Amino acid sequence: MPLIVWRESADPDVYETARTNRQFNGVIPERYPAAIAFAKSEQDIADVVNTAIQKNHRVSVRAGGHSYAAWSLRSDALLLDLGQHVEMKLDENSGIVRASPGVTGGQLNTYLSARGRAYSVGHCPDVALGGFLLGGGMGWNSNDWGWACESIVAIDLVTASGELIKADECNNADLFWAARGGGPAFPGVVTRFHLRTQPAPKVIRSSVYVYPAEHYKAAFNWILKVASSVDHLVEITAVGSYKEGIQGACLTIILVAFGDDEHAVGDILQKVDHSHPAGPLSRSFFEGTSIHRELENKYEAYPIGQRYKVDNAFLRNDADVAELLRPSFTTLPTRQSLALWSSMRPRSTRALIDMALSVQSNHYFALYAIWENEADDLENGTWLAGVMNQVQRQAAGAYLGEHDFKARAARLWGSQQYERLVAIKRKWDPDHRICGCLGLEELD
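Now the structure itself:
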C-alpha cells in the first residue's frame, strides 16, 4: 500500500505540502482532498482506487500537476498522485514505447532520443503524459505528426470498480476511444500508455523573427500567408511578449522545421526568409536546435509557481486572425504574460479519426496572464476575460488541455462525441467514483 497522507490525521504542514507541492500554477484553489496518495506502481494505483471504494471517497488524479485550473484538487476526494510512478520501456522492434502517466514529456524525449526515436511530447518539459494525452496532446510538431493521442495504440488502466484491464481497438474499445481526447471525463485511471513512436528527425532547424508593435499587422499577416502555403515539416508560432529593454510588447515569429534532409529543410526556411517583412528587431535563420533545447526554452518562458490565468480557442478558419488577436498580443497586462498563435496545418485540413477529440481548426490561440502577487489577481483575470469575450465570438471551439470548465463555456467536443462520452462514463463509472470535468455536471 502506498503512502497516504490523510487530512484528518496528518500534520497540517505535511498535508498542505502534499496537497500543493506539485501544482504548477501558483493560484491554488481552496479545495481540500480527504487524502493524498503517492503511487509508485500499477498495483499501488489499484490499491488506492479500492481504498477509495471501501471508504466511499471519489478519486482524483494528478499526473504532473500542470493543469492551470488544478483539476486534480477536489474537495473530500482521495487525490492519487502519480509523480513517483515513472516507467518507460521501448520495444525496439515495433517502435512502441510503454510509459506511465507520471512520465513527463522531457523525460520521455530524453529516453527516446537516446534510442533514435521521437514522440510529439508536450511543449513544456514538465507536462506529464497523463493529462496531456487524455486531453488530446497538442505536442511538438503535432500540426504535422498528428495529435499525440492518435499515436496511442493501447492503454492499461484501473477501472472505477478497481479492476486492472487493458483497452485497445479490439478490447474495451469504448474506453480506448474515450482515452484519446476525453480528458478528465475518462472513467478510470490510466496506469500505462502504449505509444507508437517514430524515427527521430535527423535535422531540426529554427528561424526566429522579432518585430516591434508598429509592425504587428504586416508581420502577422505575413506568417499567416506562410502558414497557408507551407504544408508540412514546419511548426509555426507567433508569440506576443515583452522583451528586455523594449517598452512595448513585441511579436516573435518562430519556425521550427523537422526533417531528414538538411537541404529540403533549408529550402523551406530559405523561401520563408526571403519573404519576411522589413523592420525586425532581430532575426536568426536556420539555427541548429533540438526538441530538448526547445523544451528548455519553454521551461524558462512558463515559470513554475507564478500566478496564471489561461484560456484558449480554436479560431474559425475564415477569421481575420491578425486583427482579432491584436488586443491580446499588444496589451499584455504584465511583462511575464504571453499570447500565442499556432498554425495547426496540415493536420487541421485532414479529417480526424474516430476518437473523443473532435474539435480543431487551422488556428490555435492561447492566452497566458502571468503575474506574481495575489493582490493583482482581479486585474489580470479581468483583462483576460475581456479579451476572450471578443475572441470567442469567432471561435470554433477550445482545446481541452488548457481550458477551465468553470471559467467559460466552450465547444470542447462535437455533439455526437459529447453524447458518446457521457454514455461511456455512465457505463464504466455509474457511481461517479472518478472525478471528472469540474464544472460539467454530466461529465463529473
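Sequential numbering of the sequence shown, starting at 1, is according to full-length UniProt numbering. Where a beta carbon is used, it is the ideal one built from N, C-alpha and C, also for glycine. Nothing here was measured: the structure is a model prediction, and the numbers come from that model.
What is the DSSP secondary structure of residue i, counted as helix, strand or coil?
{"i": "Trp-341", "result": "strand"}
{"i": "Ser-100", "result": "coil"}
{"i": "Ser-161", "result": "coil"}
{"i": "Glu-287", "result": "strand"}
{"i": "Val-359", "result": "coil"}
{"i": "Ser-207", "result": "strand"}
{"i": "Phe-258", "result": "strand"}
{"i": "Arg-250", "result": "The residue asked about is misnamed: residue 250 is Cys in this sequence, not Arg. Reduced to three states, the DSSP call for Cys-250 is strand."}
{"i": "Glu-235", "result": "strand"}
{"i": "Lys-243", "result": "coil"}
{"i": "Leu-332", "result": "coil"}
{"i": "Ala-18", "result": "helix"}
{"i": "Ser-229", "result": "helix"}
{"i": "Leu-175", "result": "helix"}
{"i": "Ser-282", "result": "strand"}
{"i": "Val-127", "result": "coil"}
{"i": "Asp-429", "result": "coil"}
{"i": "Trp-222", "result": "helix"}
{"i": "Leu-269", "result": "helix"}
{"i": "Asp-144", "result": "helix"}
{"i": "Phe-132", "result": "helix"}
{"i": "residue 446", "result": "Since the first residue of the chain shown is 1 and the last is 444, residue 446 is not available in this structure."}
{"i": "His-85", "result": "coil"}
{"i": "Ile-28", "result": "coil"}
{"i": "Ile-424", "result": "helix"}
{"i": "Arg-326", "result": "helix"}
Using CA atoms only, rank isn't needed, just tell me which of the options is closest to residue i.
{"i": "Gly-83", "options": "Glu-30, Phe-38 and Gly-162", "result": "Phe-38"}
{"i": "Gly-381", "options": "Ala-238, Ala-407 and Gly-401", "result": "Ala-407"}
{"i": "Trp-6", "options": "Val-27, Val-158, Lys-271 and Ser-75", "result": "Ser-75"}
{"i": "Asn-362", "options": "Pro-333, Ala-356, Leu-378 and Asp-320", "result": "Asp-320"}
{"i": "Ala-385", "options": "Ala-313, Asp-47, Asn-25 and Asp-13", "result": "Ala-313"}
{"i": "Asn-373", "options": "Gln-390, Pro-430, Lys-309 and Leu-421", "result": "Lys-309"}
{"i": "Trp-341", "options": "Asn-143, Asp-168 and Tyr-15", "result": "Asn-143"}
{"i": "Pro-29", "options": "Glu-379, Gly-65 and Pro-277", "result": "Gly-65"}
{"i": "Arg-31", "options": "Ser-72, Asn-21, Thr-51 and Leu-224", "result": "Ser-72"}
{"i": "Gln-392", "options": "Pro-12, Leu-80, Asn-297 and Phe-365", "result": "Phe-365"}
{"i": "Glu-169", "options": "Met-355, Ala-410, Leu-440 and Ser-415", "result": "Met-355"}
{"i": "Gly-106", "options": "Ile-434, Asp-11, Ala-128 and Asp-91", "result": "Ala-128"}
{"i": "residue 455", "options": "Asp-267, Ile-155, Ala-77 and Val-272", "result": "Because the chain is modelled from 1 through 444, residue 455 falls outside the range shown and cannot be assessed."}
{"i": "Val-86", "options": "Lys-425, His-232 and Arg-192", "result": "Arg-192"}
{"i": "Arg-50", "options": "Ser-9, Ile-434 and Leu-295", "result": "Note that residue 50 is Asn in the sequence shown here, rather than Arg. Ranking Ser-9, Ile-434 and Leu-295 by Cα distance to Asn-50 puts Ile-434 first."}
{"i": "Ser-60", "options": "Ala-167, Gly-146, Ala-178 and Pro-33", "result": "Pro-33"}
{"i": "Asp-431", "options": "Ala-409, Arg-58, Ala-114 and Ile-353", "result": "Arg-58"}
{"i": "Leu-42", "options": "Leu-78, Glu-163 and Ala-154", "result": "First, the residue type needs correcting, since residue 42 is Glu and not Leu in the sequence shown. With distances taken between Cα atoms, Glu-42 lies closest to Glu-163."}
{"i": "Ile-165", "options": "Gly-137, Val-190, Leu-440 and His-276", "result": "Val-190"}
Which residue or residues does DSSP assign as beta-bridge partners of residue i?
{"i": "His-194", "result": "Arg-98 and Ala-154"}
{"i": "Ile-434", "result": "Val-59"}
{"i": "Asn-312", "result": "Ala-366"}
{"i": "Ile-4", "result": "Ala-37"}
{"i": "Arg-307", "result": "Trp-371"}
{"i": "Pro-199", "result": "Arg-117"}
{"i": "Gly-188", "result": "Thr-159"}
{"i": "Leu-443", "result": "Answer by DSSP bridge pairing: none, since Leu-443 is not bridged."}
{"i": "Ala-167", "result": "Ile-155"}
{"i": "Asp-91", "result": "Ile-96"}
Run the proximity test for residue i: is its beta-carbon closer than 7 Å to any non-hydrogen atom belonging to the ligand HEM?
{"i": "Cys-435", "result": "Only the bare structure without any ligand can be found here, which leaves the ligand HEM out of the picture."}
Leaving out the 5 sequence neighbours to the left and right, which residues in its chain are closer than 6 Å to residue i when beta-carbon positions are compared?
{"i": "Cys-437", "result": "Pro-184, Ala-185, Phe-405, Leu-443 and Asp-444"}
{"i": "Leu-3", "result": "Phe-38"}
{"i": "Tyr-68", "result": "Asn-25, Tyr-308 and Val-310"}
{"i": "Leu-90", "result": "Val-97 and Arg-115"}
Identify, in the order they occur along the chain, each residue of the same chain with its Cβ nearer than 7 Å to the Cβ of residue i, setting aside the five sequence neighbours on each side.
{"i": "Leu-412", "result": "Val-359, Gly-397, Ala-398, Leu-400 and His-403"}
{"i": "Ala-18", "result": "Val-5 and Ile-36"}
{"i": "Pro-280", "result": "Tyr-209, Val-210 and Tyr-211"}
{"i": "Gln-394", "result": "Leu-315, Arg-316, Ala-319 and Leu-324"}
{"i": "Lys-202", "result": "Asp-260"}
{"i": "Ser-337", "result": "Tyr-368, Ala-369 and Ile-370"}
{"i": "Lys-40", "result": "Pro-2, Gln-84 and His-85"}
{"i": "Phe-286", "result": "Arg-205, Ser-207, Gly-266 and Leu-269"}
{"i": "Phe-329", "result": "Tyr-216, Gly-240, Ala-249, Leu-251 and Ala-339"}
{"i": "Trp-383", "result": "Pro-333 and Ala-369"}
{"i": "Gly-182", "result": "Leu-134, Ala-356 and Leu-421"}
{"i": "Val-158", "result": "Ile-45, Ala-46, Val-49, Leu-164, Gly-188, Val-189 and Thr-191"}
{"i": "Val-121", "result": "Gly-105, Leu-108, Asn-109, Gly-139 and Trp-140"}
I'd like the list of long-range same chain contacts for residue i, defined as Cβ closer than 8 Å, with 5 residues on each side in sequence excluded.
{"i": "Tyr-119", "result": "Val-97, Leu-108, Asn-109, Leu-112, Gly-139, Ala-148, Ser-151, Leu-195, Thr-197 and Gln-198"}
{"i": "Arg-350", "result": "none"}
{"i": "Ala-322", "result": "Tyr-216, Lys-217, Phe-220, Asn-221 and Leu-224"}
{"i": "Gln-390", "result": "Leu-324 and Pro-327"}
{"i": "Lys-298", "result": "His-123, Cys-124 and Pro-125"}
Would you say residue i lies against chain D (beta-carbon separation less than 8 Å)?
{"i": "Leu-440", "result": "Judged by its chain identifiers, the structure shown contains no chain D, having just a single protein chain."}
Unbroken alpha helix (DSSP H) runs of length 4 or more, entirely within the stretch 31 to 81: which are they? 42 to 55
Any beta strand (DSSP E) of 3 or more consecutive residues that is wholly inside the stretch 378 to 419: 395 to 397
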